[in-house]
Amino acid sequence: MATNKNHQLIYMRRKNLLCIFKLYICFNLLCLISCKYESEDLNFHEIKQPDKNVKVTMNVADVPNGETIYIYGATDLMYTINAAPGAVTKQEFYLNNKLIVGEKEVLHLDPSDLTGNDSDILKVKVNLSSGNGSLAEVLGEEKSSFEFIYPIKYVNPQINLNINQRINSSKKLEIYWNKPNLEGAEIESYEIYNFDNLDQIFINKITDPSKTSFIDDDYSYGAKTYKIITKYRGNKVPPKEDFYSVQYKVFTSNYFKTKTLKNLSLDIQWTHPDGIENKYVLVWKGNVLTIPLGKNNAEVYRPAFPFQEEQYYELYILPEKADTWDYAKYPKIINYFKEQKYGDPEVDNAHLILVEGDVKNKLILSMRSNKNGFGIRNFGIDDLVLKSKNPDLVQYPYYISSFKVSQATGKVAVHLRSDVYETKPKIEVYSDFTFSKKIRTYVSDDFPVYYLTNDDKILVGNNNLYDYEIYDLNSGKLLSKKREANGQFFPGISEDGRYTTSSGSYNNGWYKIYRYENDQYTVIAEKTGSRTRNAVEFHPLIQDQVVLQSFDNYFSICELPSLKVIKKVPGEFICFDKFTGKILFKDENFSSNSLINVMDSKYSSIVFSLTTGLYFHPFAARLLNNNIILNNNYVNIGQ
């Protein structure tokens, strides 16, 4: 047993010695090979120290390190990392110290990831290898670390342009807006379009960010919507669209005015409700009239007075550069010509309205005959605007038949009739147009002739035309009574009460003119076979002047008491203007041309002419303070 153990021990020692010897031989052999390898340049590599000047550059959306990155919504930030020398071994992104993932040079940020205040920070950490090939580099222990910090700020891009409009000094529409103050973003341009639900038409592009308005040379009137696209540089902010619809006033009939001219024309005038200066085309009864820039009226041939219908016309509104031949594509206004009305535009039985002048109170009074409910109304003499009305003046069973007004005193006499046989007609005299005080009542018949004078007299004649009576209004006393030997006659009295007339159209015409003093009649002129009609008219403003109308289509203005002719006028006398002294008369060719004329108060010239129609009734027409009035229609002659 002992011998075997010793034998094994000797064997193990020999084996160990043999291994040591082999290792020694291998070591020496390797040393020999190594020396030979190092002796050749191709097999030599020198390990250098890491470069102390290693550089890394970071580009995140072209924003320099340390400066703020602005985002305006969910954003993909492009980034690049450049390193020299070495290679990027690690890159990490932290938003508010929270690791986030970037993919393929794109970093996705969302506004919801931010706190919303100025403390949001994007941090980028970059590790760079040394690039020297050392075992430490291989083991990751030899590296350079870099850190980049960017403040992050979210800016809401929904900024309203607050688009508005104005009419500039050139009287054109200008659209303007507020420049968006979007932090971190720079405006590139504004694109402007004419927009509707079907299409949009490019109008203009503004590349100067400081310019925040444009003038629309193509706008004239009406609805129009603009789309303005705001574009930003670098596509940092999506293009923003804003819309604006023009605020305009409706071109109603209130912006039109018509004026009858003395040359038988009608002047149609208008005002653009928004003050924009345009060209116009007016179409009247198929006739096309072109109106140049800066002019807002056109003359057309006037319909006959009183025009009982409505005549429509079209007004096209064109911008300055438009072709007038292409007018039909531009905004159009349709308006209607109607006679001017005073009082209610539409009133029952308007053809029965009577009108007289109240010179003392500077009013024009109107009543409607044959019906109750209208009463008496008074209007301003300049504008014929209603001042007041008294609809309860007349009570059943009476109604107004006619009325007269004293020029100097303002007293009003009203003839009242009734359809009830037992109720007799009468004439009531009141102190003034208010009818607050009744002065006298006189028995009458259905169609009396009556006049008030400036010296408080009243002449009353019955419709049989055989006589008349003159009363003192203050005392009620009957002053005189007059009959003519040759039968029926038409009576008259001057405004001042100093002259009376008796005249007739029968027997080739005749007249007598009396001086009336101390209740006595003295003939100062008379003529039989005079070829004059039965109306002898005294001048309301000039004493001692009278108008005699001839059968032979002329009238004479004569002096009293001599009857010397001052002026002989072709035509037929209608009336004096009690306010101005002008004369309204029918033209000498009235039967063919239907003209009425107005002569000035000095009888020197015709200042106005007007074509009349079938509804013109001379006996009801009045000329009052330069207004030709018939029923509730009127024309201001503007002279």
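Numbering (the numbering used here), first residue to last: 2 to 640. Note that beta-carbon positions come from the ideal geometry of N, C-alpha and C, so glycine has one too. Keep in mind the model is a prediction, meaning the values are calculated, not measured.
Under 8 Å between C-beta atoms of residue i and residue j
i: N455; j: A409; result: yes
i: D433; j: K458; result: no
i: G582; j: S602; result: yes
i: F617; j: L596; result: no
i: K173; j: F196; result: no
i: K390; j: I377; result: yes
i: K363; j: I335; result: no
i: Y522; j: T502; result: no
i: Y635; j: Q166; result: no
i: I82; j: L123; result: no
i: S610; j: L265; result: yes
i: D218; j: K322; result: yes
i: Y281; j: I292; result: yes
i: K587; j: P619; result: yes
i: N98; j: D121; result: no
Separation of residue j from residue i, as counted between CA atoms
i: N463; j: Y443; result: 11 Å
i: D393; j: S419; result: 16 Å
i: K263; j: Y194; result: 49 Å
i: N163; j: W178; result: 6 Å
i: P51; j: Q92; result: Bear in mind that a pLDDT of 49 at P51, under 50, signals an unreliable position, so the model cannot answer this.
i: P571; j: C559; result: 15 Å
i: K237; j: E187; result: 9 Å
i: A526; j: F404; result: 30 Å
i: I365; j: V421; result: 31 Å
i: Y344; j: N379; result: Note that residue 344 corresponds to Gly in the displayed sequence, not to Tyr. Distance between the alpha carbons of G344 and N379 is about 9 Å.
i: I440; j: Q489; result: 30 Å
i: P181; j: V125; result: 32 Å
i: E68; j: D119; result: 13 Å
i: N350; j: S370; result: 9 Å
i: V547; j: I168; result: 59 Å
i: D209; j: Q312; result: 52 Å
i: Y245; j: N161; result: 11 Å
i: L43; j: A88; result: Here L43 scores only 48 on pLDDT, less than 50, and its place in the model should not be relied on; the value that follows carries that caveat. C-alpha separation (whole angstroms): 26 Å.
i: E184; j: D111; result: 18 Å
i: L199; j: T226; result: 12 Å
i: N542; j: D324; result: Strictly speaking, residue 542 in this sequence is Leu, with Asn absent from that position. So the two alpha carbons sit approximately 56 Å from each other.
i: N594; j: T613; result: 9 Å
i: K568; j: D553; result: 15 Å
i: I269; j: S495; result: 41 Å
i: N487; j: Y517; result: 20 Å
i: V284; j: V247; result: 27 Å
i: E485; j: T435; result: 37 Å
i: Y515; j: S437; result: 35 Å
Presumed contact (8 Å Cβ cut-off) between residue i and residue j, rounded CB distance
i: G639; j: K260; result: 7 Å
i: L695; j: E278; result: The structure shown has nothing for residue 695, since the chain only spans 2 to 640.
i: Q1; j: T533; result: It is not possible to answer for residue 1, since the shown part of the chain is limited to 2 through 640.
i: I300; j: R234; result: Looking at the sequence provided, one finds Glu at residue 300 rather than Ile. About 58 Å separates the two Cβ atoms, so there is no contact after all.
i: P492; j: Y467; result: At roughly 10 Å, the Cβ-Cβ gap does not stay under 8 Å, so P492 and Y467 are not in contact.
i: Y452; j: H416; result: Contact doesn't hold; Cβ gap of about 12 Å is too wide.
i: I428; j: P398; result: Actually they do not touch by this definition, with Cβ atoms about 16 Å apart.
i: M79; j: V107; result: 6 Å
Close Cβ partners of residue i (< 6 Å) along its chain, the five nearest in sequence each way excluded
i: K333; result: E315 and Y317
i: N297; result: W271
i: S481; result: I471 and D520
i: I230; result: E192, P240 and E242
i: D473; result: L480
i: S214; result: E175 and Y177
i: E203; result: Residue 203 is actually Phe in this sequence, not Glu. Within the same chain, F203 has close Cβ partners Y194.
i: V566; result: S557 and C559
i: W511; result: G505, T529 and S531
i: Y337; result: E311 and Y313
i: L585; result: I575, C576, V599 and L624
i: I607; result: N598 and M600
7 Å Cβ shell around residue i - same chain, five flanking residues per side excluded
i: L447; result: Note that residue 447 is Asp in the sequence shown here, rather than Leu. These residues qualify, in order along the chain: R418, P426 and N464.
i: T90; result: N128, L129, S130 and K144
i: D275; result: I168, Y249 and K250
beta-carbon residue i near the ligand GDP non-hydrogen atom, thresh 7 Å
i: K333; result: Of the ligands one can find in the structure shown there are none, so the ligand GDP has no counterpart to examine.
Cβ-based neighbour list, residue i, same chain, cut-off 8 Å, excluding 5 preceding and 5 following
i: D497; result: T454, N455, D456 and Q544
i: H273; result: Y222, F252, Y256, N279, N297 and I318
Could you tell me whether the segment 610-625 touches the segment 353-360, using the rule of 3 or more Cβ pairs below 8 Å? yes
For the pair the segment 151-161 and the segment 112-125, tell me if three or more CB-CB distances fall below 8 Å. yes
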